[in-house]
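A short write-up of the structure that comes next.
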Amino acid sequence: MEITVNDITSVDKELIISADREDLEPKFKEAYKKYRGQINMPGFRPGKVPLKIVRKRFGDEIEQEEVGKYVQEVFENEVVPEYEPVGESQMLELNWENDELEAKFKIGARPEFELTDLSKVEVDRLVHDVTDDEVQEEIDRQRKQQGNWEEVEEEITEETRVTVDAIPLDDDGEPEEENKTEETIDLTQEESKQFGEDLLGHEVGDEVEVEVGHEDHTHSFKLIVKKVEKLHKADLTDEFAKKASNNEAKNVDEFKSLMKSKIQDYYDQSADDLFKNDIIDALVEKHEFDVPEVFKSQVQNQYVERVKQQSQGQLPPDFDEEEYKENMEDRAIRDAKWFFLNEKLQEKFDDIEIKPEDIDQHLEAEASRYGIEVDQMRNMFAQNPQQLESLRNSIREDKVFDRLKDEVNINEIDKETYQEKHDEKIKA
Numbered sequence: 000m001e002i003t004v005n006d007i008t009s010v011d012k013e014l015i016i017s018a019d020r021e022d023l024e025p026k027f028k029e030a031y032k033k034y035r036g037q038i039n040m041p042g043f044r045p046g047k048v049p050l051k052i053v054r055k056r057f058g059d060e061i062e063q064e065e066v067g068k069y070v071q072e073v074f075e076n077e078v079v080p081e082y083e084p085v086g087e088s089q090m091l092e093l094n095w096e097n098d099e100l101e102a103k104f105k106i107g108a109r110p111e112f113e114l115t116d117l118s119k120v121e122v123d124r125l126v127h128d129v130t131d132d133e134v135q136e137e138i139d140r141q142r143k144q145q146g147n148w149e150e151v152e153e154e155i156t157e158e159t160r161v162t163v164d165a166i167p168l169d170d171d172g173e174p175e176e177e178n179k180t181e182e183t184i185d186l187t188q189e190e191s192k193q194f195g196e197d198l199l200g201h202e203v204g205d206e207v208e209v210e211v212g213h214e215d216h217t218h219s220f221k222l223i224v225k226k227v228e229k230l231h232k233a234d235l236t237d238e239f240a241k242k243a244s245n246n247e248a249k250n251v252d253e254f255k256s257l258m259k260s261k262i263q264d265y266y267d268q269s270a271d272d273l274f275k276n277d278i279i280d281a282l283v284e285k286h287e288f289d290v291p292e293v294f295k296s297q298v299q300n301q302y303v304e305r306v307k308q309q310s311q312g313q314l315p316p317d318f319d320e321e322e323y324k325e326n327m328e329d330r331a332i333r334d335a336k337w338f339f340l341n342e343k344l345q346e347k348f349d350d351i352e353i354k355p356e357d358i359d360q361h362l363e364a365e366a367s368r369y370g371i372e373v374d375q376m377r378n379m380f381a382q383n384p385q386q387l388e389s390l391r392n393s394i395r396e397d398k399v400f401d402r403l404k405d406e407v408n409i410n411e412i413d414k415e416t417y418q419e420k421h422d423e424k425i426k427a
């Protein structure tokens with residue numbers, strides 16, 4: 000048996016496993032004995048069919064099966080320990096002809112690179128202190144949410160909800176009465192703003208023609224105003240505060256403090272998530288190295304699996320998997336690079352350790368998120384070693400980010416500046 004490795008790129012390899020009948024004969028003999036004991040043929044006692052006949056009748060199938068097992072064993076026992084392939088290795092060919100075996104694989108090699116000087120890496124970090132106006136805006140949103148609509152005899156404004164008969168118009172502008180539907184248009188909602196210019200100032204009984212759609216794909220309708228409603232926000236009382244906070248706040252002042260704390264927590268968490276994403280982008284940009292094709296493909300396949308999970312286990316009927324993978328290629332390369340960078344960073348920060356309290360803290364957060372007991376969440380992870388290892392990797396990565404905060408050069412910027420820079424990046 001011989002293993003040959005040819006370079007395709009610095010990180011992509013073609014690996015060939017070669018063997019002959021002499022290498023495989025011991026496996027063939029064992030297989031023939033096993034199957035001989037299982038084969039029943041007319042004229043022979045069970046398990047006593049001559050090996051010569053077994054070879055003649057079933058030899059090709061038996062040997063082909065053993066060849067596959069042999070290749071798998073060689074790959075797992077000799078290739079993996081020696082070459083440490085990364086990604087999902089691909090078998091390109093498997094030939095067993097004229098007592099000669101040749102199995103070709105495409106495997107990925109871990110890229111070789113050195114970490115840059117982290118102190119020269121610049122990363123923006125969003126810093127925002129929640130204002131009283133933002134708190135009031137959130138409270139007003141909740142008051143609207145728990146308010147009630149009252150029918151009024153007033154002109155339509157941006158603070159009203161309108162019930163209309165919507166009648167499609169044909170190409171000649173004639174109404175298609177048979178396709179009339181009743182629709183409710185809430186002008187306080189962003190998605191209804193497109194109707195604002197046409198409806199504002201009108202009253203019950205008015206007829207308004209509108210166009211719905213974008214550019215060359217539009218539809219014309221006649222809207223007949225049937226009802227105008229005005230929203231009355233819920234009164235900001237101690238009772239409202241208790242209900243809206245699930246009894247976390249006992250009065251209006253406590254409710255305002257609670258809202259400010261929750262909004263601040265949201266911004267802090269968002270800032271942390273954005274920082275992680277931005278530091279990945281910055282580090283990937285600072286390091287030039289190739290990623291194995293098989294590893295990139297593995298990441299793309301994971302994206303597809305994620306789409307499948309979000310669609311209740313099946314891909315949407317019109318989903319073009321290959322086109323989707325192609326569109327996600329740059330993202331896959333970026334995520335693949337981060338995987339190897341994260342490995343290097345864990346080597347650099349080799350004093351990082353995961354303590355039992357780290358796991359407990361995560362389990363408590365997950366239990367609270369899903370509304371179950373901590374012990375139940377702990378048992379779920381204990382019964383799934385793979386999920387537990389994934390949790391440990393996630394905690395370890397979080398600790399890497401914590402260390403990076405002390406290593407890289409952080410520019411703290413306000414919300415507006417951060418948004419402007421983010422928009423410029425998207426345009427670029």
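Under numbering that gives the first Met the number 0, the letters of the sequence shown match residues 0 to 427, in that order.
Here a beta-carbon is modelled for each residue, glycine too, at the ideal position from N, C-alpha and C.
Own chain partners of residue i with C-beta closer than 8 Å, once the 5 adjacent residues on each side are dropped
i, result
"LYS307", "GLN313 and LEU314"
"HIS231", "GLY146, ASN147, TRP148 and GLU149"
"TYR82", "VAL4, LYS12, LEU14, ILE106 and ALA108"
"GLU396", "ASN341"
"LEU23", "GLU62, GLU65, VAL66, TYR69 and LEU100"
"GLU175", "ILE166, PRO167, LEU168 and ASP169"
"TYR323", "TYR302, VAL303 and VAL306"
"ASP237", "LYS249, ASN250 and VAL251"
Cut-off 7 Å between Cβ atoms - residues of its own chain near residue i, not counting five sequence neighbours on either side
i, result
"THR159", "LEU186, VAL227, GLU228 and LYS229"
"VAL48", "ARG35, ILE38 and MET40"
"ASP197", "VAL207 and VAL209"
"ARG377", "LEU362"
"LEU50", "TYR31 and ARG35"
Distance, residue j Cα to residue i Cα
i, j, result
"VAL85", "LYS105", "11 Å"
"ASN246", "GLU388", "38 Å"
"GLY67", "TYR417", "56 Å"
"ALA233", "TRP148", "11 Å"
"VAL163", "GLN144", "22 Å"
"ASP334", "VAL283", "9 Å"
"GLU363", "GLY370", "10 Å"
"ILE61", "TYR31", "7 Å"
"ILE351", "THR115", "20 Å"
"ALA248", "ASP359", "28 Å"
"ALA243", "GLU320", "44 Å"
"ASP422", "GLU415", "11 Å"
"LYS285", "LYS275", "15 Å"
"PHE254", "PRO355", "35 Å"
"LYS55", "PHE318", "48 Å"
"LYS259", "GLU419", "25 Å"
"ARG368", "ILE425", "32 Å"
"ASP123", "LYS404", "11 Å"
"LEU390", "PHE348", "19 Å"
"ASN97", "PHE380", "51 Å"
"GLY204", "GLU181", "14 Å"
"LEU117", "GLN188", "46 Å"
"VAL78", "GLU72", "9 Å"
"ASP280", "GLN375", "37 Å"
"GLU173", "GLU153", "29 Å"
"ASP329", "GLU365", "32 Å"
"GLN141", "GLN345", "44 Å"
For residue j and residue i, believed in contact at Cβ under 8 Å, the rounded distance
i, j, result
"ASN408", "VAL120", "6 Å"
"LEU168", "PHE220", "6 Å"
"LYS103", "TYR69", "No, LYS103 and TYR69 are not in contact; Cβ-Cβ is about 15 Å, not under 8 Å."
"ASP357", "ILE412", "That pair is no contact at about 30 Å."
"GLU210", "THR217", "5 Å"
"ILE7", "ILE16", "Going by Cβ atoms, the distance from ILE7 to ILE16 rounds to 17 Å, so no, they are not a contact pair."
"ILE155", "LEU199", "6 Å"
"VAL129", "GLN263", "5 Å"
"VAL251", "ALA240", "5 Å"
Beta-carbon proximity list for residue i, same chain, < 6 Å, skipping 5 on both sides
i, result
"ILE184", "VAL161, SER191 and PHE194"
"GLU87", "VAL293 and GLN297"
"PHE288", "PRO110 and PHE112"
N- and C-terminal bounds of the beta strand (DSSP E) containing residue i
i, result
"THR416", "Segment 414-426 is the alpha helix (DSSP H) holding THR416; no beta strand (DSSP E) there."
"ASN94", "85-96"
"GLU1", "1-6"
"HIS428", "There is simply no residue 428 to check, as the chain begins at 0 and stops at 427 in what is shown."
"PHE104", "99-107"
"ALA18", "11-19"
"ASN147", "147-150"
"VAL203", "Careful: VAL203 lies outside any beta strand (DSSP E) and carries neither H nor E."
Start-to-end residues for the alpha helix (DSSP H) that takes in residue i
i, result
"SER393", "384-406"
In chain order, which continuous runs of the beta strand (DSSP E) of length 3 or greater are located wholly inside the segment 160-197? Considered as a whole, the segment 160-197 harbours 180-185 as its complete beta strand (DSSP E) runs of no fewer than 3 residues, in chain order.
In chain order, which alpha helix (DSSP H) runs of at least 4 residues are fully inside the segment 27-85? Those alpha helix (DSSP H) runs which fall completely within the segment 27-85 and span 4+ residues are 50-73 and 79-82.
Quick one: which unbroken alpha helix (DSSP H) runs of 4-plus residues sit fully inside the segment 273-311? Chain order, please. Segments of the alpha helix (DSSP H) lying fully in the segment 273-311: 292-309.
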